[in-house]
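Participant: Residue numbers (full-length UniProt numbering): 1 to 266.
We put the beta carbon where it would ideally sit given N, CA and C, even for glycine.
Here you go, one structure.
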Amino acid sequence: MAENIKHFEDINEFWNTYLAIGAGHNGPPLLFRGVSNVAHELIPALGRPKEHMIDQSIDMIEMKMMSEFKRLSMPVLDIKPETDWEWLFLAQHYGLPTRLLDWSTNPLVALYFAVEHHDDKDGVVNYLSHLIADDYAEFDPYTADIRKGTKGILQIIALQPSQGVVVFVRPQYKDVRYLNQRSIFSCPANPVEPLAIEGMEKLVIRGEWKHELRKRLRALGVSASFIYPGISGVAQEVKTFEHHRYAQGRAKTITAMLELPPLNQL
């Protein structure tokens with residue numbers, strides 16, 4: 001499937017185009033995913049690096065990781081996940097490689113992730129219009145399709161256009177990070193292959209624009225302390241906008257020393 005890739009001549013052309021996305025849009029929600037390196041494919045962490053994975057082993061790798069994650073995390077969890085989906089959401093939240101990919105319904109959040117790191121590399125925002133499942137219990141996360149044995153009309157209709165290949169689900173926002181990021185997850189049947197959906201757009205962001213775009217996003221209220229609520233996000237934001245200015249020579253400190261006379265002359 002041919003990708004619809006758009007490049008821009010200057011930062012203001014990109015910015016104005018980006019802010020206008022969705023104006024007058026009618027149809028399924030627009031979903032956005034930002035990545036700091038344009039070379040990265042839409043493959044979930046479970047399937048990376050792709051060359052080290054084979055279809056026959058990926059299910060076993062996933063099963064072993066999730067089994068160990070459940071065993072070790074159960075003693076420290078206040079609320080125990082009850083479904084496969086809830087375990088996947090929890091594992092993804094804490095950085096375990098899963099078959100999920102993070103998306104957002106907020107384009108500014110996706111842009112933040114596209115410009116967050118790697119100023120020496122071009123970033124990218126992928127976006128598409130797609131249905132989202134809020135009531136995802138009927139879906140099997142490992143087949144991206146309706147669960148076997150489901151009765152009634154769900155057996156004969158597709159709830160999502162790419163059902164059986166990938167489904168998009170919205171987790172319950174039990175964590176403020178999910179809320180701020182307006183989190184959506186794509187869950188593919190095959191986590192090794194790059195996600196390819198008809199109608200997906202790809203906007204390339206030059207690396208040299210990233211610092212300026214971070215400043216513009218901060219002015220709109222989207223910064224590390226918003227994306228990552230808590231002290232760690234605050235520290236990251238201060239580091240980005242204060243410490244880095246001095247470390248990269250964009251600002252200088254001036255230390256004034258006052259010479260005082262000896263105490264016996266005061």
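1) List the whole-angstrom C-beta distance separating Val166 from Ser186, where the pair is believed to meet the contact cut-off of C-beta under 8 Å.
2) If you measure from the beta carbon of Pro191 to each beta carbon in chain B, is any gap under 9 Å?
3) Should the region 100 to 112 be called in touch with the region 17 to 35, which here means at least 3 C-beta pairs below 8 Å?
4) Which class does Glu3 belong to by DSSP, given the choice of helix, strand or coil?
5) With a threshold of 16 other CB atoms inside 10 Å of the CB of Asp145, please say whether the residue is buried or exposed.
6) Quick one: what's Asn126 bridged to in DSSP?
7) Where do the ends of the beta strand (DSSP E) carrying Leu220 lie?
8) Measuring straight from C-alpha to C-alpha, what distance separates Ile5 and Gly27?
9) Alpha carbon to alpha carbon, how far is His118 from Thr240? Give it in angstroms, no decimals.
10) Pick helix, strand or coil for Ile197, following the three-state DSSP scheme.
11) For Ser162, is the classification buried or exposed, using 16 other Cβ atoms within 10 angstroms of its Cβ as the cut-off for buried?
12) Using three-state DSSP, classify Pro75 as helix, strand or coil.
13) For Trp103, write down the residues that DSSP places opposite it in a beta bridge.
14) Who are the Cβ neighbours of Phe69 in its own chain at under 6 Å, not counting the five residues just before and after it?
15) Based on Cα-Cα distance, which residue from Leu72, Glu116 and Gly123 lies nearest to Lys202?
16) Cα separation between Ile205 and Leu42?
17) Starting from Ile14, follow the alpha helix (DSSP H) in both directions and report where the run begins and ends.
18) Would you grab the beta carbon distance between Asp84 and Pro141 for me? Rounded to a whole angstrom, and I think it's under 8 Å.
19) Cα separation between Gln155 and Ala224?
20) Please go through the same chain and pick out, in chain order, the residues whose beta-carbon is closer than 7 Å to the beta-carbon of Tyr228, but skip the five residues on each side of it.
21) Can Lys121 and Asn12 be called in contact, C-beta distance under 9 Å?
22) Just to confirm the assignment, what range does the beta strand (DSSP E) spanning Val166 have?
23) To the nearest angstrom, report how far apart Asp78 and Ile197 are at their CA atoms.
24) Decide if Ser67 is buried, meaning its Cβ has at least 16 other Cβ atoms within 10 Å, or exposed.
Facilitator: Based on what the coordinates show:
1) 5 Å
2) Reference to chain B is not applicable here, since this structure consists of a single protein chain.
3) yes
4) coil
5) buried
6) Arg33 and Lys202
7) Leu220 -> no beta strand (DSSP E), and no H or E assigned at all.
8) 22 Å
9) Cα to Cα, Thr240 sits roughly 12 Å from His118.
10) coil
11) buried
12) helix
13) DSSP, once it has assigned bridges, lists Ile184 as partnering Trp103.
14) Ala91 and Leu96
15) Gly123
16) 17 Å
17) Checking the sequence shown, residue 14 turns out to be Phe, not Ile. That run of the alpha helix (DSSP H) goes Ile11 to Leu19.
18) 6 Å
19) Per-residue confidence for Gln155 stands at a pLDDT of 49, beneath the threshold of 50, marking its modelled position as unreliable; the derived number appears in the next sentence. Each residue's Cα considered, the two are about 43 Å apart.
20) Hits under 7 Å: Arg177 and Gln236.
21) Lys121 places its beta carbon 9 Å or farther from that of Asn12.
22) Val166 to Val169
23) 38 Å
24) Counting Cβ neighbours within 10 Å, Ser67 comes out exposed, since fewer than 16 surround it.
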